[in-house]
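When we follow our numbering, the leftmost residue of the sequence shown carries the number 65, and every step to the right adds one. Scroll down for the structure; my scribbles are underneath it.
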Amino acid sequence: NDIIEWQMDVLRHFQHAQVFRLLVTDLEGSLLLETLSDHLTALADLILGTVMNLAWDGLKKRHRDKPAFAVIGYGKLGGKELGYVSDLDLIFLYDDDHPDATEIYTKLGQSINAWLTRHTSAGLLYETDLRLRPNGATGLLVNSMVFEGVRQLAVKEDVSEVDRWTKAISSLMFEGVRKT
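Spelled out as C-alpha cells, the structure:
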C-alpha cells in the first residue's frame, strides 16, 4: 500500500533527523552520555507509540478503539541506555478477555515488528529482538498479562529473570490496560 510505505518513510526520516541532531550535539561535546541515552530512549518510545497507533489503525479485525496492549522494553531500552545502533529488546503483553484477543494482538505484534524492521527507501527504524519472551523464539509472540504475572511468580528464584523484569520498563501503556 502506497500510503503505508509513505508513512513508514516519513517516520524513518523523522527518526534519522532526530538521531542526526543528537549526533551533532554529541560531537560538540554538549551532551553527557546518560543524557544522550535518555534522549535516544525517549525517541524510541515516541516511535514505538506512533508505530503502535499506526499498526492498530491498520488492523482489519479489532473489537475496540484502543488496544489493551503494552510493549515492554528489556535491555538497553528498558534500562534507558540506548546507543546510536542499539536494537530494541521487546515483549508484547495484552489485557483483554475477548475470545479473539490472542489472534488480534498477535497480528498487532507482528505489524509493530514489521513497521520497525522493514527496510524501505528511507532505511529502517530499528532492529528488534523478540527472543526474550517466554520460551524464546518458539514461544508466543504476545502473552496475556495474567499469564505473564503467573509466570513471573513461578520463576522468582531465577535471578536473571527477576533482573530482566526489574530493568524492564513499560515503554507504552495504553488506556485500555489496567495499571496495577
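Yeah, the Cβ is synthetic: ideal placement off N, Cα and C, and Gly gets one too.
Cβ separation of residue i and residue j, assumed to be a contact under 8 Å, to the nearest whole Å
i      : j      : result
Gln71  : Leu107 : Actually they are not in contact, since the Cβ atoms of Gln71 and Leu107 sit about 17 Å apart, beyond 8 Å.
Phe156 : Val206 : 4 Å
Ser175 : Gly122 : 6 Å
Thr192 : Glu69  : That pair is no contact at about 19 Å.
Segment limits, beta strand (DSSP E) that includes residue i
i      : result
Leu157 : Leu152 to Tyr158
Ser101 : Premise fails: Ser101 lies in the alpha helix (DSSP H), Leu97 to Gly122, not in any beta strand (DSSP E).
Gly137 : Phe133 to Tyr138
Val206 : Val206 to Ser208
Exposure of residue i, with buried meaning 16 or more beta-carbon neighbours within 10 Å
i      : result
Val241 : Confidence is the limiting factor: at Val241 the pLDDT is only 48, short of 50, which leaves the residue's position unreliable and the question unanswerable from this model.
Phe84  : exposed
Gly173 : buried
Ile111 : buried
Val214 : Unreliable positioning characterises Val214 in this predicted model, as indicated by a pLDDT of 48, which lies under 50. A coordinate reading is not provided.
Val115 : buried
Gly93  : exposed
Lys124 : exposed
Leu91  : exposed
Thr99  : exposed
His127 : exposed
Leu104 : buried
Arg195 : exposed
Ser234 : Bear in mind that a pLDDT of 46 at Ser234, under 50, signals an unreliable position, so the number given afterwards is only what the model happens to contain. Exposed, by the Cβ-count rule.
Arg76  : buried
Ile168 : buried
Leu97  : exposed
Glu239 : Because the pLDDT of Glu239 is 44, which lies under 50, any placement of that residue in the model is unreliable, and the number read from its coordinates should be weighed accordingly. So Glu239 ends up on the exposed side.
Asn177 : buried
Residue i - containing alpha helix (DSSP H), residue span
i      : result
Gly173 : Ala165 to Thr181
Arg126 : Looking at the DSSP string, Arg126 is not in any alpha helix (DSSP H), and its letter there is neither H nor E.
Leu87  : Asp66 to Leu91
Per DSSP, the bridge partner or partners of residue i
i      : result
Gly142 : Partner(s): none; Gly142 has no beta bridge.
Asp193 : Asp153
Gly187 : Thr184
Subject >> the region 125 to 137 in contact with the region 154 to 172 per 3-pair CB rule at 8 Å >> reply: yes
Original post:
Does the region 139 to 150 come within contact of the region 180 to 188, defined as at least 3 CB pairs closer than 8 Å?
Top reply: no
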